[in-house]
Amino acid sequence: MKIEKLSGKKCYLTHLSGEYIPLFIRWMSDPEVTMGLNSTHQNIDRRAELDFMEFIKQNNWHYFVIVERETDNPIGAVMLFDVNQTNRTAEMGINIGEKSRWGKGFASEAIGLILEYGFGILNLHNICLKVFQFNKKAAKLYIKLGFKEMGVLREFRLANGKYYDFLMMDMLSKEYYERKYTPEAKHE
Numbered sequence: 001m002k003i004e005k006l007s008g009k010k011c012y013l014t015h016l017s018g019e020y021i022p023l024f025i026r027w028m029s030d031p032e033v034t035m036g037l038n039s040t041h042q043n044i045d046r047r048a049e050l051d052f053m054e055f056i057k058q059n060n061w062h063y064f065v066i067v068e069r070e071t072d073n074p075i076g077a078v079m080l081f082d083v084n085q086t087n088r089t090a091e092m093g094i095n096i097g098e099k100s101r102w103g104k105g106f107a108s109e110a111i112g113l114i115l116e117y118g119f120g121i122l123n124l125h126n127i128c129l130k131v132f133q134f135n136k137k138a139a140k141l142y143i144k145l146g147f148k149e150m151g152v153l154r155e156f157r158l159a160n161g162k163y164y165d166f167l168m169m170d171m172l173s174k175e176y177y178e179r180k181y182t183p184e185a186k187h188e
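Numbering (our numbering), first residue to last: 1 to 188.
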């Protein structure tokens, strides 16, 4: 079942398409935006983005653009990747690329929507994530949303000439369904 759009109160999620490539290039070329991601700042060109879109299709990633409902402007992306249907597991990632939208609740709602999609539509059992240990705001948000700390991957990522630890977190489907924060997601 292909869901075209997942709707919340402040934002909705829609599938990635070529029209968003210029924004993604801008976001991924901004070191402030990429510093907290499970990747590093890079100057990305249009060809690299098109290659990435092909990679997403071939590897069955569930990649959504976060669109602010009030303005209809894209502000970031949220995705489930490394989806394993046999074990019913996936890893989650999120990026609010529009810095003017940081701290305004969009990440919380987008995560709620992607969790609803992962647990409700894809019938996943476990969704995990990695977050830089220095990214305290993100880690605090994930805990608030119900993720549990699993452990630390020590000096796991090299960025700007320095090694950083990753905090591993996850959520089980039963933990998700026990919580009441979930936005009412409308599937279109």
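Glycine included, C-beta positions come from ideal geometry on N, C-alpha and C.
Practice prompt. Give, in chain order, every unbroken run of the beta strand (DSSP E) that is at least 3 residues long and sits entirely within the segment 108–170.
Written response: 126–132 and 148–159
Worksheet item: Starting from residue 7 and walking both ways along the alpha helix (DSSP H), at which residues does that stretch end?
Response: Counting from 1 along the sequence shown, the entry for residue 7 is found at position 7. Not the alpha helix (DSSP H): residue 7 falls in the beta strand (DSSP E), residues 5–7.
Fill in: Own chain residues within Cβ distance below 6 angstroms of residue 63, not counting five before or after
Locating residue 63 in the sequence shown gives position 63, where the first residue counts as 1. The residues are 16, 56 and 79.
Discussion item. Measuring straight from C-alpha to C-alpha, what distance separates residue 103 and residue 95?
Written reply: Translated into positions along the sequence shown, residue 103 becomes position 103. Translated into positions along the sequence shown, residue 95 becomes position 95. For residue 103 and residue 95, the distance between alpha carbons rounds to 12 angstroms.
Discussion item. For residue 89 and residue 29, what's the separation of their Cα atoms in angstroms?
Written reply: Counting from 1 along the sequence shown, the entry for residue 89 is found at position 89. Counting from 1 along the sequence shown, the entry for residue 29 is found at position 29. When rounded, the distance between both Cα atoms is 30 angstroms.
Worksheet item: Where does residue 80 fall in DSSP's three states?
Response: As a first step, residue 80 must be located in the sequence shown, where it is residue number 80. Looking at residue 80 - three-state DSSP - the assignment turns out to be strand.
Item to complete: Kindly list the residues whose CB is nearer than 8 angstroms to the CB of residue 148, restricted to its own chain and excluding five residues on each side of it in sequence; keep chain order.
Response: Translated into the one-based positions of the sequence shown, residue 148 becomes position 148. These residues qualify, in order along the chain: 169, 170, 171 and 175.
Discussion item. Suppose the cutoff is 6 angstroms on Cβ atoms and the five residues either side in sequence are ignored; what does the same chain contact list for residue 76 look like?
Written reply: The count along the sequence shown starts at 1 and reaches residue 76 at position 76. Within the same chain, residue 76 has close Cβ partners 66, 95, 96 and 97.
Worksheet item: Run through DSSP, which three-state label would residue 188 get?
Response: The residue you call residue 188 lines up with position 188 of the sequence shown. Confidence at residue 188 is low in this model, with a pLDDT of 45, below 50, so its placement is unreliable and the value that follows should be read with caution. Correct three-state label for residue 188: coil.
Worksheet entry | Cutoff 8 angstroms: residue 79 Cβ touching any chain D Cβ | Included in the structure is just one protein chain, with no chain D present.
Item to complete: Counting only the same chain and skipping the five closest in sequence on each side, list residues whose C-beta sits under 7 angstroms from that of residue 254.
Response: Because the chain spans 1 through 188 in this model, residue 254 falls outside it and cannot be assessed.
Fill in: Proximal residues to residue 150 (C-beta, below 8 angstroms), its chain only, five neighbours per side dropped
Locating residue 150 in the sequence shown gives position 150, where the first residue counts as 1. Result list for residue 150: 128, 168, 169 and 170, in chain order.
Fill in: residue 100 to residue 161 span [Cα, whole Å]
One-based indexing of the sequence shown puts residue 100 at position 100. One-based indexing of the sequence shown puts residue 161 at position 161. Distance between the alpha carbons of residue 100 and residue 161: 28 angstroms.
Fill in: Buried or exposed (CB count within 10 angstroms, at least 16 for buried), residue 18
Counting from 1 along the sequence shown, the entry for residue 18 is found at position 18. Exposed: under 16 other Cβ atoms inside 10 Å.
Practice prompt. Express the C-alpha separation of residue 51 and residue 24 in angstroms, rounding to a whole number.
Written response: Sequence index remark: in the sequence shown, residue 24 carries index 24 (1-based). Sequence index remark: in the sequence shown, residue 51 carries index 51 (1-based). Spanning the two alpha carbons is a distance of roughly 13 angstroms.
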